[in-house]
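Colleague:
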Amino acid sequence: MEPICIIKDIYKTLYAFEKTFTENNDITINEAMLLCCLKEGESKSAGTICEFIGLSNSRVSKVITAVENKGFIRRNINKNDKRQMFFSLTSKGKEKIQQMMEKELNFDFLFNQLQNCIQKE
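Just so you know, our numbering puts the end of the sequence shown at 109, numbered straight through with nothing missing.
1. With three or more beta-carbon pairs closer than 8 Å as the criterion, would you say the segment 22 to 36 touches the segment 56 to 76?
2. With C-beta atoms as the reference, is Val27 less than 7 Å away from Ile85?
3. Return the residue from the list Glu11, Phe9, Leu22 and Gly29 that minimises the CA-CA distance to Thr53.
4. Please list, in chain order, all residues of the same chain as Gly81 whose beta carbon is under 8 Å from its beta carbon, the five residues on each side excluded.
5. Where do the ends of the beta strand (DSSP E) carrying Ser76 lie?
Shown next as structure tokens:
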């Protein structure tokens, strides 16, 4: 099988997983990764969140706005440098993390699907 076709199948599998995740949790995977980045309780800058999630600054900015609009995070302005912002979880965000942790993710199924994509000939 052509390598590009394998990549297409991998993307389709990951897309299906993400779609199911979003339907089950009312939050996208990128939004969940942002909450995961903040779950230890320490405020973090947008740059740190970008590094953790692995997305561009502009994409993370959109994810931050979406999660902030859902009430899961708060924006804190640096007292020493008003241009710099830090983000932290709200109590609603902590509750959302707890809810997601209680739901089982079927990683075995996902890994088997991905393995099937790679092993197709």
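Built from N, CA and C at the ideal position, the CB exists for glycine as well.
Modeller: Result, derived from the coordinates:
1. yes
2. The displayed chain sequence assigns Lys, not Val, to residue 27. Yes, Cβ-Cβ distance for Lys27 and Ile85 is below 7 Å.
3. Leu22
4. Leu23, Leu26, Val55, Gly59, Phe60 and Ile61
5. Met73 to Leu77
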